[in-house]
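For the sequence shown, UniProt numbering gives the first residue as 1, with consecutive numbering after it.
Where is the CB? At the ideal position from N, CA and C, for every residue including glycine.
All values derive from a computational prediction rather than experimental measurement.
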Amino acid sequence: MAKDPGEGKLVGQSSQSRKAPIVDNFALLFYSGDHRESRPDADSTKEGNDSAEECQYREDLRKYLHRIDELRRQITDKYHAKQLIQVKLDAQLYEIRNQSRFNAVNAQTKQAAKLNYQRMHLLCEKIYSLSMSLQKMYLELAEIVDKRSEHTMEIHRRCRLCASALYDLKKQQKSSDG
1 MAKDPGEGKL VGQSSQSRKA PIVDNFALLF YSGDHRESRP DADSTKEGND
51 SAEECQYRED LRKYLHRIDE LRRQITDKYH AKQLIQVKLD AQLYEIRNQS
101 RFNAVNAQTK QAAKLNYQRM HLLCEKIYSL SMSLQKMYLE LAEIVDKRSE
151 HTMEIHRRCR LCASALYDLK KQQKSSDG
(Lines of atoms letter the chains of each structure in order from A; the text may use other names.)
(Lines give C-alpha, C1' and ligand atoms only; values in the text may rest on other atoms or scores of the structure.)
Protein backbone atom coordinates (compact mmCIF):
# COMPACT_ATOMS: atom_id res chain seq x y z
CA MET A 1 0.00 0.00 0.00
CA ALA A 2 1.25 3.51 -0.77
CA LYS A 3 2.50 5.68 2.10
CA ASP A 4 1.30 8.94 0.62
CA PRO A 5 -2.20 9.29 -0.94
CA GLY A 6 -0.67 10.69 -4.13
CA GLU A 7 2.11 8.14 -4.30
CA GLY A 8 0.19 5.22 -5.77
CA LYS A 9 -0.09 4.59 -9.48
CA LEU A 10 -3.35 5.15 -11.25
CA VAL A 11 -4.97 2.48 -13.36
CA GLY A 12 -3.70 2.44 -16.94
CA GLN A 13 -0.87 4.84 -16.22
CA SER A 14 2.60 4.75 -17.72
CA SER A 15 5.68 3.65 -15.75
CA GLN A 16 6.16 7.18 -14.43
CA SER A 17 3.71 7.69 -11.60
CA ARG A 18 2.04 11.05 -11.15
CA LYS A 19 1.45 12.38 -7.66
CA ALA A 20 -1.55 14.30 -6.45
CA PRO A 21 -0.88 18.03 -6.28
CA ILE A 22 0.20 19.38 -2.94
CA VAL A 23 -2.52 21.84 -2.07
CA ASP A 24 -1.05 23.23 1.11
CA ASN A 25 2.70 23.32 1.58
CA PHE A 26 2.40 25.34 4.79
CA ALA A 27 0.31 22.71 6.56
CA LEU A 28 2.57 19.92 5.37
CA LEU A 29 5.51 21.62 7.05
CA PHE A 30 3.84 21.82 10.43
CA TYR A 31 1.09 19.19 10.36
CA SER A 32 2.17 16.11 8.49
CA GLY A 33 0.85 12.61 8.99
CA ASP A 34 4.14 11.43 10.53
CA HIS A 35 3.53 13.34 13.74
CA ARG A 36 -0.03 12.12 14.36
CA GLU A 37 1.05 9.08 16.35
CA SER A 38 3.42 11.04 18.58
CA ARG A 39 0.96 13.88 19.27
CA PRO A 40 -0.57 13.66 22.76
CA ASP A 41 -4.32 13.52 23.35
CA ALA A 42 -6.32 16.60 24.23
CA ASP A 43 -7.03 15.19 27.70
CA SER A 44 -3.40 14.38 28.49
CA THR A 45 -2.20 17.93 27.75
CA LYS A 46 -4.60 19.55 30.22
CA GLU A 47 -2.62 20.46 33.28
CA GLY A 48 -3.88 21.95 36.49
CA ASN A 49 -2.15 25.28 35.86
CA ASP A 50 -3.66 25.85 32.40
CA SER A 51 -6.49 28.35 32.30
CA ALA A 52 -9.86 27.60 30.76
CA GLU A 53 -8.97 30.07 28.01
CA GLU A 54 -5.78 28.16 27.21
CA CYS A 55 -7.62 24.84 27.11
CA GLN A 56 -10.30 26.31 24.85
CA TYR A 57 -7.65 27.77 22.52
CA ARG A 58 -5.89 24.43 22.24
CA GLU A 59 -9.16 22.61 21.61
CA ASP A 60 -10.09 25.12 18.88
CA LEU A 61 -6.71 24.60 17.22
CA ARG A 62 -7.17 20.84 17.30
CA LYS A 63 -10.61 21.18 15.71
CA TYR A 64 -9.24 23.41 12.95
CA LEU A 65 -6.37 21.03 12.25
CA HIS A 66 -8.76 18.08 12.17
CA ARG A 67 -11.10 19.87 9.73
CA ILE A 68 -8.11 20.86 7.58
CA ASP A 69 -6.95 17.25 7.54
CA GLU A 70 -10.41 16.08 6.44
CA LEU A 71 -10.57 18.69 3.68
CA ARG A 72 -7.13 17.68 2.44
CA ARG A 73 -8.25 14.05 2.32
CA GLN A 74 -11.41 14.97 0.41
CA ILE A 75 -9.44 17.04 -2.11
CA THR A 76 -7.00 14.16 -2.64
CA ASP A 77 -9.86 11.69 -3.11
CA LYS A 78 -11.61 13.96 -5.62
CA TYR A 79 -8.35 14.48 -7.47
CA HIS A 80 -7.77 10.72 -7.73
CA ALA A 81 -11.34 10.24 -8.99
CA LYS A 82 -10.72 12.97 -11.58
CA GLN A 83 -7.53 11.24 -12.71
CA LEU A 84 -9.34 7.90 -13.08
CA ILE A 85 -12.09 9.53 -15.13
CA GLN A 86 -9.40 11.22 -17.25
CA VAL A 87 -7.86 7.81 -18.00
CA LYS A 88 -11.29 6.41 -18.99
CA LEU A 89 -12.01 9.47 -21.08
CA ASP A 90 -8.70 9.20 -22.90
CA ALA A 91 -9.49 5.57 -23.76
CA GLN A 92 -12.98 6.51 -24.96
CA LEU A 93 -11.68 9.38 -27.08
CA TYR A 94 -9.10 7.08 -28.62
CA GLU A 95 -11.87 4.59 -29.43
CA ILE A 96 -14.06 7.34 -30.92
CA ARG A 97 -11.14 8.55 -33.01
CA ASN A 98 -10.58 5.05 -34.38
CA GLN A 99 -14.29 4.55 -35.03
CA SER A 100 -14.58 7.88 -36.84
CA ARG A 101 -11.81 6.86 -39.23
CA PHE A 102 -13.97 3.99 -40.42
CA ASN A 103 -17.28 5.89 -40.18
CA ALA A 104 -18.52 3.55 -37.46
CA VAL A 105 -19.00 5.89 -34.51
CA ASN A 106 -21.00 4.25 -31.74
CA ALA A 107 -23.63 6.44 -30.05
CA GLN A 108 -23.09 4.71 -26.71
CA THR A 109 -19.38 5.53 -26.75
CA LYS A 110 -20.16 9.16 -27.52
CA GLN A 111 -22.69 9.30 -24.69
CA ALA A 112 -20.23 7.68 -22.25
CA ALA A 113 -17.55 10.22 -23.21
CA LYS A 114 -20.03 13.06 -22.73
CA LEU A 115 -20.98 11.74 -19.28
CA ASN A 116 -17.33 11.43 -18.30
CA TYR A 117 -16.73 15.03 -19.40
CA GLN A 118 -19.63 16.11 -17.18
CA ARG A 119 -18.29 14.08 -14.25
CA MET A 120 -14.85 15.61 -14.70
CA HIS A 121 -16.34 19.09 -14.82
CA LEU A 122 -18.29 18.46 -11.60
CA LEU A 123 -15.21 17.03 -9.90
CA CYS A 124 -13.15 20.06 -10.95
CA GLU A 125 -15.81 22.36 -9.49
CA LYS A 126 -15.88 20.34 -6.27
CA ILE A 127 -12.07 20.38 -6.00
CA TYR A 128 -12.10 24.14 -6.52
CA SER A 129 -14.82 24.59 -3.90
CA LEU A 130 -12.97 22.43 -1.37
CA SER A 131 -9.71 24.26 -2.09
CA MET A 132 -11.40 27.61 -1.44
CA SER A 133 -12.82 26.25 1.82
CA LEU A 134 -9.36 25.08 2.77
CA GLN A 135 -7.88 28.51 2.03
CA LYS A 136 -10.60 30.16 4.15
CA MET A 137 -9.78 27.83 7.01
CA TYR A 138 -6.09 28.68 6.71
CA LEU A 139 -6.92 32.38 6.86
CA GLU A 140 -9.16 31.89 9.91
CA LEU A 141 -6.47 29.81 11.58
CA ALA A 142 -3.84 32.45 10.82
CA GLU A 143 -6.08 35.13 12.36
CA ILE A 144 -6.61 33.03 15.50
CA VAL A 145 -2.88 32.40 15.88
CA ASP A 146 -2.10 36.06 15.19
CA LYS A 147 -4.57 37.23 17.86
CA ARG A 148 -3.13 34.72 20.27
CA SER A 149 0.43 35.88 19.61
CA GLU A 150 -0.61 39.52 20.15
CA HIS A 151 -2.27 38.49 23.41
CA THR A 152 0.84 36.57 24.49
CA MET A 153 3.12 39.49 23.63
CA GLU A 154 0.89 41.82 25.66
CA ILE A 155 1.06 39.45 28.65
CA HIS A 156 4.83 39.26 28.26
CA ARG A 157 5.10 43.07 28.13
CA ARG A 158 2.99 43.41 31.28
CA CYS A 159 5.08 40.79 33.06
CA ARG A 160 8.26 42.65 32.20
CA LEU A 161 6.76 45.93 33.45
CA CYS A 162 5.66 44.24 36.68
CA ALA A 163 9.08 42.67 37.15
CA SER A 164 10.84 45.99 36.60
CA ALA A 165 8.40 47.75 38.99
CA LEU A 166 9.01 45.06 41.61
CA TYR A 167 12.76 45.38 41.13
CA ASP A 168 12.54 49.18 41.54
CA LEU A 169 10.36 48.78 44.65
CA LYS A 170 12.80 46.36 46.27
CA LYS A 171 15.67 48.64 45.34
CA GLN A 172 13.87 51.58 46.98
CA GLN A 173 13.14 49.53 50.10
CA LYS A 174 16.80 48.50 50.41
CA SER A 175 17.98 52.08 49.98
CA SER A 176 15.45 53.39 52.53
CA ASP A 177 16.28 50.59 55.03
CA GLY A 178 20.01 50.90 54.64
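Spatial distance of S51 from T152 (CA atoms)
14 Å
Going by DSSP, what residue range makes up the alpha helix (DSSP H) through A91?
52 to 101
Between the beta-carbon of A113 and the beta-carbon of Q92, is there less than 8 Å?
yes
DSSP on N116, reduced to helix/strand/coil?
helix
Given 8 Å as the limit, is there contact between the region 75 to 93 and the region 120 to 128, that is, 3 or more CB pairs closer than that?
yes
Given a cut-off of 8 Å, decide if N116 and L89 are closer than it, judged by their beta-carbon atoms.
yes
Nearest CA to the CA of K78: which residue from K136, S133, Y128?
Y128
Please name the residue, chosen from R67, E53, C55, that lies closest to K136 on a Cα-to-Cα basis.
R67
Would you kindly work out how many angstroms separate the C-alpha atoms of K171 and H156, rounded to a whole number?
22 Å
Alpha carbon of V87 to alpha carbon of R97, nearest angstrom:
15 Å
Under the assumption that E95 contacts T109 (Cβ atoms under 8 Å), give the Cβ distance between them as a whole number of angstroms.
6 Å
Would you say L71 and S164 are within 8 Å of each other, going by their C-beta atoms?
It is not a contact, given that the beta carbons lie outside the stated cut-off.
Whose CA, out of E59, Y57, D69, E54, lies closest to the CA of Y138?
D69
Hey, which unbroken runs of the beta strand (DSSP E) at 3 residues or more fall wholly within the region 127 to 167?
none
Closest by CA to E54, which one among F102, R73, R148, E154?
R148
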